[in-house]
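Visitor: Here it is, the structure in full.
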Amino acid sequence: MQTLCNSPSDSGGGMAGREAGLAHDEHQAVRLWLRLMTCSTQIEQVIRSKLRTQFATTLPRFDYLAQLSRFPKGLRMKTLSEYLMVTGGNITGLTDQWWQKAGWSGWPMTRTGGR
Numbered sequence: 096m097q098t099l100c101n102s103p104s105d106s107g108g109g110m111a112g113r114e115a116g117l118a119h120d121e122h123q124a125v126r127l128w129l130r131l132m133t134c135s136t137q138i139e140q141v142i143r144s145k146l147r148t149q150f151a152t153t154l155p156r157f158d159y160l161a162q163l164s165r166f167p168k169g170l171r172m173k174t175l176s177e178y179l180m181v182t183g184g185n186i187t188g189l190t191d192q193w194w195q196k197a198g199w200s201g202w203p204m205t206r207t208g209g210r
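Right, here's the structure in full:
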């Protein structure tokens, strides 16, 4: 079994910690994964910036509307939160923002539970 946490003395004075026990292929896999994460983060930053500057919206609002556009008959907030992989509270917050932005007061339907 491979040891992942070698002490400096165990590794011959070289790298310490988890990296010391990794094979070359594993190092390459970790480096690739980190590079992909960096690229993904940079792409997301560009998308967020363009949504904000060109469309005066945010990525969460865009995701919210994109999901709703797939279901012309609408979605329950619980189902929407499952599709977006966020909590119901996040969906409620976005929905409240949309209603306020549109200048509407109240909800088109009666809420059950909660506030």
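Numbering-wise, the numbering used here comes out as the position in the sequence shown, counting from 1, plus 95. Heads up, the beta-carbon is just placed ideally off N, CA and C, and yes, glycines get one too.
#1: Are there 16 or more other CB atoms within 10 angstroms of the CB of Lys-196, so buried, or fewer, so exposed?
#2: Compute the Euclidean distance between the alpha carbons of Arg-143 and Ala-118, then round it to the nearest angstrom.
#3: From the DSSP output, in three-state form, read off Leu-179 for me.
#4: Sort Leu-160, Ser-164, Val-181 and Gly-183 by Cα distance to Trp-193 and report the nearest one.
#5: Decide if Gly-198 is buried, meaning its Cβ has at least 16 other Cβ atoms within 10 Å, or exposed.
#6: If you count every other CB in all the chains shown that lies within 10 Å of the CB of Leu-175, and 16 or more means buried, which is it?
#7: Gly-183 to Arg-130, Cα distance in whole Å?
#8: Is it true that the CB of Leu-170 sits closer than 7 Å to the CB of Phe-157?
#9: Return the Cβ separation of Leu-189 and Pro-155 in integer angstroms, given the expectation that the two are a contact with Cβ distance under 8 Å.
#10: Helix, strand or coil: which one does DSSP assign to Ala-124?
#11: Taking the straight line between their C-alpha atoms, what separation do you get for Lys-173 and Arg-126?
Guide: Well, looking at it:
#1: Classification of Lys-196: exposed, given that the 10 Å Cβ count is below 16.
#2: Between Arg-143 and Ala-118, the C-alpha separation is close to 37 Å.
#3: Helix.
#4: Across the set Leu-160, Ser-164, Val-181 and Gly-183, the C-alpha of Leu-160 shows the shortest separation from the C-alpha of Trp-193.
#5: Gly-198 should be labelled exposed.
#6: By the neighbour-count rule (16 or more Cβ atoms within 10 Å), Leu-175 is buried.
#7: Cα-Cα distance, rounded: 33 Å.
#8: In this structure, Phe-157 keeps its C-beta atom at 7 Å or more from the C-beta atom of Leu-170.
#9: At roughly 6 Å, the Cβ-Cβ gap stays under 8 Å, so Leu-189 and Pro-155 are in contact.
#10: In the structure shown, Ala-124 sits in a helix (DSSP, three-state: H, G or I).
#11: Each residue's Cα considered, the two are about 38 Å apart.
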